[in-house]
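Asks: Got a structure here, written out as structure tokens. Questions coming.
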Amino acid sequence: MRFNHVLAYLDTRRVANPARTRACLASLADLAVAHEARLTLCDVLEPPPAAAGGTSERVAALRRRYVLAALEHLATELRGKVVAEHVLLEGNPFIAISRHAAHHGIDLVATLDGTDGEGRPDATARHLVRKCPAPVWVMGPRGHGARQRLLVAVDRDIFPATATPRDMAGRLVDAAVALARGQPASVHLAHAWQVYGAELMEDPGLGLDAASLEAYVDGQRYSHHLWLEELHDALRARLAIRSDFSLETTTHLVEGEAAEVLPALARRLSVDALLLGTLGASRAPGVLIGNTAEEILGRAGVPILALKPPGFESPLISPGA
């Protein structure tokens with residue numbers, strides 16, 4: 648995976664922490680340099696109300712000047728590293744950004760202030776995760792945009808009986824490698840698993856002795872372990888042909904509901920980003936992200952990089968538009 652064009656979204660009127668915003672932008676500039684990519688800074692203004700007359704148009708014009716000046720100032724600060732462009736969009740932020748991403752070949756959308764006070768994605772970030780056709784990086788309040796420690800949540804059961812789980816896992820691994828390019832980093836592959844029928848393990852009606860139950864659980868654990876290690880081998884094979892940066896890798900097989908154990912693991916490891924796939928088993932184009940992904944978004948409290956599966960169609964993009 649290669650990022651050829653990165654779009655950084657920030658609300659220049661509501662920057663809560665200017666130092667953190669600049670640190671995130673500097674990190675995105677480093678990423679753009681590593682990929683020889685374009686970096687575009689973006690803000691979105693809602694149009695003035697039509698019924699308010701000439702005064703609202705004057706207010707809108709002044710706001711536009713202020714926002715453009717703020718974007719130009721931030722872009723200028725980055726030009727020692729990268730030639731940063733800027734664009735001012737109009738309308739609803741997640742709709743305008745999603746359509747801009749689709750029509751301008753954006754490979755990564757980063758939201759710099761896309762979380763609430765507890766590190767949960769805000770409404771705009773959640774809509775982008777659900778509907779934007781490009782990968783979305785909700786950078787969050789911690790990490791200052793750093794990319795040193797990445798946790799990749801992989802699930803072989805996202806779409807049962809298809810090749811999509813392995814395809815998505817491979818895309819997530821590729822995204823982690825792309826995000827880490829240009830600096831030393833570590834990638835943690837994590838897979839959450841549960842025993843099928845765990846609630847029945849102690850039911851006498853099952854008719855299994857202790858040894859049989861233990862063998863049943865161990866067999867399932869080993870199956871998940873093998874799948875995760877195969878993915879780990881594939882990651883190391885990818886890295887074996889690269890020599891431009893150092894990347895350490897490890898695996899975590901954790902038992903329990905993914906929406907509970909993965910956010911806990913992310914916080915325990917103090918990761919700089921949690922990478923996950925978003926679309927649920929319904930595969931309704933752009934309408935639903937999986938329940939597990941939805942819950943992880945609300946609980947993780949760490950920066951999130953969310954990827955859509957191959958063939959994702961955003962409901963915001965008209966066919967042929």
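Here the sequence shown stands for residues 648 to 968, numbered as in my numbering. For glycine and all other residues, C-beta sits at the position ideal for the given N, C-alpha and C. Only a predicted model underlies this, so the values are computations on that prediction, with no experimental measurement involved.
Under the three-state reduction of DSSP, which class applies to C971: helix, strand or coil?
Replies: Not covered by the structure: residue 971. The range shown for the chain is 648 to 968.
Asks: Starting from P768, follow its DSSP beta bridges and name the residues at the other end.
Replies: T762, per the DSSP bridge assignment.
Asks: State yes or no: is the C-beta of S745 within less than 7 angstroms of the C-beta of L944?
Replies: Not in contact: S745 and L944 (Cβ atoms no closer than 7 angstroms).
Asks: Look at the Cβ atom of L900, then the Cβ atom of L875, and state whether they are nearer than 7 angstroms.
Replies: Their beta carbons are under 7 angstroms apart, which means L900 touches L875 by this criterion.
Asks: Taking all protein chains shown into account, decide if H682 is buried (16 or more other Cβ within 10 angstroms of its Cβ) or exposed.
Replies: Looking at its Cβ environment, which holds 16 or more other Cβ atoms inside 10 Å, H682 is buried.
Asks: Can you tell me the Cα-Cα spacing of P851 and A857, whole angstroms?
Replies: Rounded to whole angstroms, P851 to A857 spans 11 angstroms at the Cα level.
Asks: Taking the alpha-carbon positions, what's the L654 to L686 distance?
Replies: One C-alpha to the other measures close to 6 angstroms.
Asks: Below 8 angstroms on the Cβ atoms is my guess for V799 versus A837; work out the distance and round it to an integer in Å.
Replies: The pair is a contact, with the Cβ atoms about 7 angstroms apart (cut-off 8 angstroms).
Asks: With DSSP as the reference, please indicate the residues paired to D690 in a beta bridge.
Replies: Answer is L735, bridged to D690.
Asks: If you run the structure through DSSP and keep just helix, strand and coil, what is F806?
Replies: Residue placement at F806 is poorly supported in this model, since its pLDDT is 44, which falls under 50; the coordinates still yield a value, given next. Residue state, collapsed to three classes: coil.
Asks: Pull up the distance between the alpha-carbon of A624 and that of L860, whole angstroms please.
Replies: Only positions 648 to 968 of the chain appear in the structure, and residue 624 is not among them; the question remains open.
Asks: Note down, in chain order, each residue of its chain lying with its Cβ closer than 6 angstroms to the Cβ of T659, except the 5 sequence neighbours on either side.
Replies: Closer than 6 angstroms at the Cβ level, and outside the excluded window around T659, lie D690, V714, A717.
Asks: Taking the CB atoms as reference points, tell me whether P830 and D919 lie closer together than 7 angstroms.
Replies: Note that residue 830 corresponds to Gln in the displayed sequence, not to Pro. The answer is no: Cβ separation not under 7 angstroms.
Asks: So H733 and A684 are in contact, right, with Cβ under 8 angstroms, and what is the actual spacing, rounded?
Replies: H733 to A684, Cβ: 15 angstroms. No contact.
Asks: Given that a residue counts as buried once 16 or more other Cβ atoms are within 10 Å of its Cβ, and exposed if not, what is L853?
Replies: Burial call: exposed.
Asks: Let me confirm a value: T723 is counted as buried when at least 16 other C-beta atoms fall within 10 Å, else exposed. Which label applies?
Replies: Label assigned to T723: exposed.
Asks: Please state if the CB of A772 and the CB of V622 are separated by a distance shorter than 7 angstroms.
Replies: As shown, the chain starts at 648 and ends at 968. That puts residue 622 outside it, with no answer to give.
Asks: Mind checking which residues open and close the beta strand (DSSP E) that includes V949?
Replies: Note, V949: premise wrong, no beta strand (DSSP E); not H, not E.
Asks: Candidates G844, G958, V756: which alpha carbon is nearest V864's?
Replies: V864 has its Cα closest to that of G844, out of G844, G958, V756.
Asks: Of all the options V842, M848, A884, which has the alpha carbon lying nearest to the alpha carbon of H871?
Replies: The shortest C-alpha separation from H871 is found at V842.
Asks: Counting only the same chain and skipping the five closest in sequence on each side, list residues whose C-beta sits under 7 angstroms from that of N742.
Replies: Here the sequence assigns Ile to residue 742, which means Asn is not the residue at that position. Cβ within range, chain order: L963.
Asks: Go ahead and pull the three-state DSSP assignment for S961.
Replies: Reduced to three states, the DSSP call for S961 is coil.
Asks: Kindly indicate the opening and closing residues of the beta strand (DSSP E) around G752.
Replies: Here G752 belongs to no beta strand (DSSP E), and DSSP marks it neither H nor E.
Asks: In whole angstroms, give me the CA-to-CA distance for L847 and T939.
Replies: Going from the Cα of L847 to the Cα of T939 covers about 23 angstroms.
Asks: DSSP three-state call for Y713: helix, strand or coil?
Replies: In this structure, Y713 counts as helix in the three-state DSSP scheme.
Asks: Given a threshold of 16 other Cβ atoms within 10 Å of its Cβ, counted over all protein chains shown, does G738 qualify as buried or as exposed?
Replies: The residue in question, G738, is exposed, as its Cβ has fewer than 16 Cβ neighbours within 10 Å.
Asks: Assign Y869 to one of two classes, buried (16 or more other C-beta atoms within 10 Å of its C-beta) or exposed (fewer than that).
Replies: Y869 comes out exposed.
Asks: Name the two residues that bound the continuous alpha helix (DSSP H) containing A837.
Replies: Not the alpha helix (DSSP H): A837 falls in the beta strand (DSSP E), residues 832-840.
Asks: For F959 and E941, what's the separation of their Cα atoms in angstroms?
Replies: In a straight line, the C-alpha of F959 is about 17 angstroms away from that of E941.
Asks: Quick check: is the beta carbon of P740 nearer than 7 angstroms to any beta carbon in chain C?
Replies: Structure shown: chain C not included; a single protein chain is present.
Asks: How far does the beta strand (DSSP E) with G924 in it extend, from its first residue to its last?
Replies: Start and end: 920-924.
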